[in-house]
Each structure stands twice: as C-alpha cells, then as structure tokens.
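Chains as they are written, first to last, in the numbering used here: chain A, 7 to 116; chain B, 15 to 129. We treat Cβ as the ideally placed atom computed from N, Cα and C, and that holds for glycine. Please read these numbers as outputs of a predicted model, since none were measured by experiment. Since the structure comes first, as structure tokens, the remarks are kept for the end.
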Amino acid sequence: GEDVEQSLFLSVREGDSSVINCTYTDSSSTYLYWYKQEPGAGLQLLTYIFSNMDMKQDQRLTVLLNKKDKHLSLRIADTQTGDSAIYFCAEDTGRRALTFGSGTRLQVQP
Amino acid sequence: DTGVSQDPRHKITKRGQNVTFRCDPISEHNRLYWYRQTLGQGPEFLTYFQNEAQLEKSRLLSDRFSAERPKGSFSTLEIQRTEQGDSAMYLCASSNRAGGVYGYTFGSGTRLTVV
Numbered sequence: 007g008e009d010v011e012q013s014l015f016l017s018v019r020e021g022d023s024s025v026i027n028c029t030y031t032d033s034s035s036t037y038l039y040w041y042k043q044e045p046g047a048g049l050q051l052l053t054y055i056f057s058n059m060d061m062k063q064d065q066r067l068t069v070l071l072n073k074k075d076k077h078l079s080l081r082i083a084d085t086q087t088g089d090s091a092i093y094f095c096a097e098d099t100g101r102r103a104l105t106f107g108s109g110t111r112l113q114v115q116p
Numbered sequence: 015d016t017g018v019s020q021d022p023r024h025k026i027t028k029r030g031q032n033v034t035f036r037c038d039p040i041s042e043h044n045r046l047y048w049y050r051q052t053l054g055q056g057p058e059f060l061t062y063f064q065n066e067a068q069l070e071k072s073r074l075l076s077d078r079f080s081a082e083r084p085k086g087s088f089s090t091l092e093i094q095r096t097e098q099g100d101s102a103m104y105l106c107a108s109s110n111r112a113g114g115v116y117g118y119t120f121g122s123g124t125r126l127t128v129v
C-alpha cells in the first residue's frame, strides 16, 4: 500500500540547517519529490530524487534517500526566514499521480 | 505559458448549492489531476485525465462530484448538493507523461467554503 509519513513541525534559527524527514511504504516508487507550500498558495516543486539515487544536491538543498529503510530527507542549508513554509514529500509509483505526506511545518526564527 | 491556472481562487457557497471549478493546465501537458487538501493535511488524489480520457477516480470522489476535460485542454470539477465536509482547497496539477524529472505543476488552488 501507499502511506507517506512526516513529522508535523520543525523550528530552527536563521542560518542553521534544517532537516525534514519522510518515510514511505511503497517500494515501487520511481520518483520522490519535495514540494513547498506557503500560506494560501499552491505547491511549488523544490526538488526530486530518482529511486536509483542515494543523494542529490541542488544549491542549498540536499536530498538523501535510503531505499532499504524507505526513508527520505531534505536538508536545507543556511535556512532563511523565507524558507518558512509547509514541506511535503510525495511519492510517485507511476500508477497514479502522487501520494503526499501530511506535511512538515518549518518555522525559521530570526 | 504562465503555469497552471485555477478559477475561482475562492468560493463561498451555501450548503446544497452546486459549484464548478475550472483548471487550465500547461498547454503541452497531456495529463491533468485534481486533488483535495483539507486543513493540516497533504493533498489527496481525486481523479486524473490523460488527454480527454478520465483514467482513474479515487474513492473520495463521491457521486456528487464530476470532472470533465472535454477537449483535452481545460478541465472542470463540479460538486453537486455541496455539504460542509466539502470545504477544502481543490488543487489542479498537470504533467507531461508521468511526472518524472519535471514533476507535477500545481495551480494555486480554489478554496471552497460551504456555509
């Protein structure tokens, strides 16, 4: 089955690194995505990782994938107040669209 | 092309009324998806189209909900006899093929409030 879980809340100080974690259950996932949602807005694609990769770096963002444990993480380096938002991980098994986690609210304190 | 457009942005309706939302996807995308997002939750899949064909519907899509994509371009989502439990953000997304490295592009959503 498909089930994606995330912790609900993370608070960090500006300039620190943030790490948002996600677990999924469907081992047939092909792509895993991270989306950002600001208040009242739609979802913005931040980054993705293909299932045969362990790590992907994109500027301040680093995605780590542990397929054995079905664990995905997003690290944001030098977190800024503009990074405050809800972050969703989502898995794409290729069968039907995306399955999302319930989101992690990131609060960045100045 | 400015991305995925949804209209209206907000809709307040009385219980029992019918509402219709529109989504205009990115023009070269052949797949279009509808999701529903309630407060504090991630988006939940409702249905998707490949061109004009509706290929899958979630069990969340009760018989009061209907979606169309008549010419394989824009899509409409209609809710008949709205209930308070229908209050949510309705998100539309589009993709070329099955997402892949380009992911799925989301619109800003239509927020429905049923009073």
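Practice problem: Report the residues of the stretch 70 to 94 of chain A with a CB closer than 8 Å to any CB of chain B, ordered along the chain. | Solution: 94
*Expressed to the nearest angstrom, what Euclidean distance is found between the alpha-carbon atoms of residue 125 (chain A) and residue 19 (chain B)?*
Since the first and last residues shown for chain A are 7 and 116, residue 125 (chain A) lies out of range.
Notebook entry, point to check: With residue 15 (chain A) and residue 56 (chain B) assumed to form a contact (beta carbons below 8 Å), what rounded beta-carbon distance in angstroms separates them?
Noted result: One-based indexing of the first sequence puts residue 15 (chain A) at position 9. One-based indexing of the second sequence puts residue 56 (chain B) at position 42. Contact flag wrong, Cβ pair sits at about 15 Å.
Cβ of residue 7 (chain A) within 8 Å of any chain B Cβ: Residue numbering aside, residue 7 (chain A) sits at position 1 when the first sequence is read from its first letter. Only weak support exists for where residue 7 (chain A) lies, its pLDDT of 43 falling under 50; the coordinates are left without a value.
Discussion item. What would DSSP say about residue 7 (chain A), mapped onto helix, strand or coil?
Written reply: Taking the first residue of the first sequence as 1, we reach residue 7 (chain A) at position 1. Per-residue confidence for residue 7 (chain A) stands at a pLDDT of 43, beneath the threshold of 50, marking its modelled position as unreliable; the derived number appears in the next sentence. Coil, per DSSP.
Ignore the nearest five residues each way along the sequence and tell me which others in residue 73 (chain A)'s own chain have a CB closer than 7 Å to its CB. For the purposes of this step, residue 73 (chain A) is taken as residue 67 along the first sequence, with counting starting at 1. Contacts found: 57.
Quick check: what's the CA-CA separation for residue 47 (chain B) versus residue 91 (chain B)? The count along the second sequence starts at 1 and reaches residue 47 (chain B) at position 33. The count along the second sequence starts at 1 and reaches residue 91 (chain B) at position 77. So the two alpha carbons sit approximately 11 Å from each other.
Check: By DSSP, does residue 99 (chain A) sit in helix, in strand, or in coil?
Finding: Walking along the first sequence from the start, residue 99 (chain A) turns up at place 93. DSSP places residue 99 (chain A) in coil when its eight states are reduced to three.
### Query
Taking DSSP as the reference, what is the three-state secondary structure of residue 87 (chain A)?
For the purposes of this step, residue 87 (chain A) is taken as the residue at position 81 of the first sequence. Of the three classes helix, strand and coil, the one that applies to residue 87 (chain A) here is helix, per DSSP.
What are the complete beta strand (DSSP E) segments, minimum 3 residues, inside the stretch 24 to 79 of chain A?
24 to 30, 37 to 43, 49 to 56, 61 to 64, 67 to 72
#### Entry: Element boundaries [beta strand (DSSP E), containing residue 51 (chain B)]
Sequence index remark: in the second sequence, residue 51 (chain B) carries index 37 (1-based). Where residue 51 (chain B) is concerned, the enclosing beta strand (DSSP E) stretches over 45 to 51.
**Message:** Residues of chain A with CB closer than 8 Å to the CB of residue 35 (chain B), please, in chain order.
**Reply:** Sequence index remark: in the second sequence, residue 35 (chain B) carries index 21 (1-based). By Cβ distance, chain A contributes nothing, its closest Cβ being about 13 Å from residue 35 (chain B), past 8 Å.
Which residues, taken in chain order from the stretch 50 to 62 of chain B, show a beta carbon closer than 8 Å to some beta carbon of chain A?
54, 55, 56, 57, 58, 59, 62
> What are the partner residues of residue 40 (chain B), as DSSP defines its beta bridges?
Replying inline: Locating residue 40 (chain B) in the second sequence gives position 26, counting from the first residue. BP columns for residue 40 (chain B) are empty, so no partner.
Just mark residue 65 (chain A) as buried or exposed, buried being the case when its beta carbon has 16 or more other beta carbons within 10 Å. As a working mapping, residue 65 (chain A) is identified with position 59 in the first sequence. It counts as exposed.
Can you tell which of B:103, B:83, B:117, B:89 has the C-alpha that lies nearest to the C-alpha of residue 54 (chain B)? As a position in the second sequence, residue 54 (chain B) is number 40, starting the count at 1. The shortest Cα separation from residue 54 (chain B) among B:103, B:83, B:117, B:89 belongs to B:103.
Please report how far the alpha carbon of residue 126 (chain B) lies from the alpha carbon of residue 75 (chain B), in whole angstroms. If you number the second sequence from 1, residue 126 (chain B) lands on position 112. If you number the second sequence from 1, residue 75 (chain B) lands on position 61. Going from the Cα of residue 126 (chain B) to the Cα of residue 75 (chain B) covers about 16 Å.
- residue 21 (chain B) - DSSP class collapsed to helix/strand/coil: Counting from 1 along the second sequence, the entry for residue 21 (chain B) is found at position 7. It is a strand residue.
Task: Per-residue DSSP class, three states only, for residue 68 (chain B) - done: What you label residue 68 (chain B) is simply residue 54 of the second sequence in a count that begins at 1. Strand at residue 68 (chain B).
- Which two residues bound the contiguous beta strand (DSSP E) that contains residue 83 (chain B)? Here residue 83 (chain B) is taken as the residue at index 69 of the second sequence, counted from 1. Unbroken run through residue 83 (chain B): none, as it is neither H nor E.
Checklist entry - How many angstroms separate the CA atom of residue 51 (chain A) from the CA atom of residue 31 (chain B)? => result Residue mapping note: residue 51 (chain A) aligns to position 45 of the first sequence, counting from 1. Residue mapping note: residue 31 (chain B) aligns to position 17 of the second sequence, counting from 1. For residue 51 (chain A) and residue 31 (chain B), the distance between alpha carbons rounds to 34 Å.
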